[in-house]
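Read the structure below first, then the notes.
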Amino acid sequence: MKLDQLRAFIAVVEMGSFRAAAEAIHKTQPSISAAVKALEGQYGIQLLDRDSYRPTLTAEGKAFFKQSKKLLLQVNQLEHLGHHLAQGTEQQPLRLCISQMSLTEHIVGLLKAFDAEHPHIAVELTTDHLNGVQEHLVKEKSEIAIGPSYGLDDRHVFVEVGKLEMTCVVHPDLLPTLQASSQKVKQQALYSLPQILVSRSAENQEHRFVLPTGRRWHVNDFQAKKTLVQAGMGWARMPHYMIKDSLEEGRLVRMDVENFSSHSQFPLFMVRLRNQTLSPEANAFWRFIKRYLKTPISDNED
């Protein structure tokens, strides 16, 4: 079995024909056909059914194709590492810190797209909250961060990469009592019901959307926050994507609080330190995200 034979076989499956495969990997059609036949002859199995208009995978071919893809990916990663070592640089993981609230479908899509284009780059992903995300940069625990604008200043270079929608929610059984006879909930009605906040600790946290008076409970992640609110033990502002299913199923309801930012949307940023030289892996991520977004909404790099 040779790598060229595997590449030919994979190209036929992915492109849908021997002719298209030949064009895709710059080989002649007879050489592509010969490579696939050589694989089939070596193992005594039929990988492709050629009776129809387009070649299709046999049952054996499906299993062989799956493992072929894995093997070729490992080969590509090894080749990339070899080039790094030849240049005197050992490949390092990409160190990212993402705000807990910021793992939206859009942000996860960006990570997935980057991984598809750079499968050889390992990722060390950590999460934090509020100012802790930028602290990872200052303490050199991460090279790039993604999150809201907490703690951003002239030390940072940042590019807007998405939006986050926040909404106030409470258990449906509690809302009628809190509303009384009005549409909006008065702040005084919430003083006895804990506001659930995500914090690394209960002290020295820069929470922007907190009632000046009232009980507060602090938890260290959004899943705990959601669980407590769904149990009727408090109320909270939550990222909408985290509670979408609970709202649809009636386990939570939206709540409008008088003179309070009950529902809002704000930008998410990709951030690095201005005076820091990025590793090749981090630089590849930074450039990829900017190119993927094409025209960033906001970029203070220049």
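Quick note: the sequence shown uses this note's numbering, first residue 1, plus one each step.
Heads up, the beta-carbon is just placed ideally off N, CA and C, and yes, glycines get one too.
Just so it is clear, the structure is predicted and the values come from calculations on it, not from any experiment.
Collapsing the DSSP output to three states places Asp-51 in coil.
Annotation: the continuous beta strand (DSSP E) that includes Asp-128 extends over 123-128. Our two residues, Glu-60 and Tyr-43, have alpha carbons roughly 11 Å apart in a direct line. For His-129 against Cys-97, the beta-carbon gap comes to about 11 Å, at or over 8 Å, which does not count as contact.
For Lys-226, the enclosing alpha helix (DSSP H) covers residues 222-230. Here the alpha carbon of Tyr-191 sits roughly 32 Å from the alpha carbon of Leu-152. Linking Val-12 to Glu-79 through their CA atoms gives a straight-line distance of about 23 Å. Segment contact: the region 273-283 against the region 165-172, fewer than three CB-CB distances shorter than 8 Å; contact not assigned. In the three-state reduction of the DSSP assignment, Ser-142 falls in the coil class, being assigned neither a helical nor a strand state. For Gly-41, no beta strand (DSSP E) segment is defined; the enclosing uninterrupted segment is the alpha helix (DSSP H) at 29-43. Excluding its 5 nearest sequence neighbours in each direction, Asn-259 has C-beta neighbours in its own chain below 7 Å: Gln-187, listed in chain order. Contact fails between the region 65-75 and the region 235-248, because fewer than three Cβ pairs, one in each stretch, are under 8 Å apart. It is roughly 15 Å from the alpha-carbon of Gly-82 to the alpha-carbon of Ala-122.
Counted as a single uninterrupted DSSP element, the alpha helix (DSSP H) harbouring Leu-293 occupies residues 280-293. Ile-10 places its beta carbon less than 8 Å from that of Phe-65. Note that the C-beta distance between Leu-175 and Met-255 is below 8 Å. With a cutoff of 8 Å on beta-carbon distance, Ser-142 and Leu-268 are scored as not near each other. In this structure, Met-1 sits near Leu-39, with a CB-CB distance shorter than 8 Å. Within 10 angstroms of the beta-carbon of Phe-18 lie 16 or more other beta-carbons, which makes it buried.
The count of Cβ pairs closer than 8 Å, one atom from the region 214-232 and one from the region 147-167, stays below three, leaving the stretches out of contact. When Phe-285, Leu-6 and Arg-50 are compared, the shortest CA-CA separation from Lys-70 is found for Leu-6. Around the Cβ of Ser-33, a 10 Å sphere holds 16 or more other Cβ atoms; the residue is buried. Residues of the same chain with a CB within less than 6 Å of the CB of Tyr-53, apart from the 5 flanking positions on each side, do not exist. Rounded to the nearest angstrom, the gap between the Cα atoms of Asn-220 and Gln-29 is 59 Å. Judged by their CB atoms, Val-133 and Ser-99 are nearer to each other than the 8 Å cut-off. Between Lys-184 and Val-253, the CB-CB gap reaches or exceeds 8 Å. In the DSSP assignment, Lys-112 forms no beta bridge with any residue.
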